[in-house]
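Below is one structure; the comments refer to it alone.
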Amino acid sequence: MRGTHRNSGVSLAVKTLLRQSASSRRQTRASLLNWTRCDAHHVLRVGPAQGTLANGNWIYVYPRGLKDLLLYIRKRFENPAIYITENGISSVEKTDDKTKDEELADDMRKHYLSVHIAEIREAIREGANVKGYFAWSLLDNFEWEHGFTERFGLNYVDYNTLERIPKHSAKWFSKFCDPNPYQH
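In terms of my numbering, the sequence shown opens at residue 311 and continues consecutively.
Here's what the structure looks like:
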């Protein structure tokens with residue numbers, strides 16, 4: 311990868327230490343098409359996921375892991391431009407258990423984003439070439455493995471009417487991104 315690209319996209323949900331599996335050397339291009347499960351074929355877990363389990367399911371809160379990854383890319387791959395293409399957290403409880411008002415009051419998402427963005431700032435101060443950041447996700451959506459049971463959006467979507475309502479995290483993120491917060 312070194313010297314072969316200009317940009318890198320990073321998506322981080324869990325920091326887990328991995329190593330290459332012996333079988334990964336024998337994989338064909340066709341076997342890589344099952345990309346949602348390719349991790350099971352190409353790497354071996356060396357240790358447990360790090361951080362605090364966030365939603366009782368699969369995402370761990372470990373902002374330092376994002377900083378570590380950015381600095382690793384900086385050192386290992388000649389500091390390419392990095393775009394964080396996906397960084398976010400789903401609702402803590404399954405959506406069937408929460409009211410719309412409870413979904414809108416997503417303070418855990420504000421906290422998650424703020425602590426991860428703080429680590430990105432630190433990585434930039436230490437030389438990481440981060441050019442962009444995308445919170446996951448703009449809207450509640452259909453998740454590959456979880457369907458409509460988890461909500462990642464900064465904006466609530468009523469799946470029956472498709473009405474969209476900004477959550478607390480959307481309002482916070484909008485203020486955070488505003489280059490002139492005192493001009494309004």
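The beta carbon of each residue, even a glycine, is placed where N, CA and C say it ideally should be.
His421 to Glu388 span [Cα, whole Å]: Residue numbering aside, residue 421 sits at position 111 when the sequence shown is read from its first letter. Residue numbering aside, residue 388 sits at position 78 when the sequence shown is read from its first letter. So the alpha carbons of these two residues sit roughly 32 Å apart.
Do you know how far the Cα of Arg386 is from the Cα of Asp411? Indexing the sequence shown from 1 puts residue 411 at position 101. Indexing the sequence shown from 1 puts residue 386 at position 76. In a straight line, the C-alpha of Asp411 is about 45 Å away from that of Arg386.
Taking the alpha helix (DSSP H) that Lys500 falls in, what are its first and last residues? In the structure as shown, the chain begins at 311 and stops at 494. Residue 500 is therefore absent and cannot be evaluated.
Applying the 10 Å Cβ sphere with the 16-neighbour rule, what's the burial state of Lys481? As a position in the sequence shown, residue 481 is number 171, starting the count at 1. Exposed: under 16 other Cβ atoms inside 10 Å.
Spatial neighbours of Arg474 within its chain, please: C-beta separation below 6 Å, excluding the five flanking residues on both sides. Mapped onto the sequence shown, residue 474 falls at position 164. Within the same chain, Arg474 has close Cβ partners Asn465 and Val467.
By DSSP, does Ala445 sit in helix, in strand, or in coil? To locate residue 445, count along the sequence shown from 1; it is residue 135. Three-state DSSP puts Ala445 in a strand.
Over the uninterrupted alpha helix (DSSP H) stretch that includes Glu455, give me the two end residues. As a working note, residue 455 is residue 145 in the sequence shown. Run containing Glu455: none; DSSP gives neither H nor E here.
State the CB to CB distance for the pair Ala429 and Leu376, rounded to an integer number of angstroms; the pair is presumed to be in contact (CB under 8 Å). Against the sequence shown, residue 429 aligns to sequence position 119. Against the sequence shown, residue 376 aligns to sequence position 66. According to the sequence as given, residue 429 is Glu; it is not Ala. Yes, they are in contact, since the Cβ atoms of Glu429 and Leu376 sit about 5 Å apart, within 8 Å.
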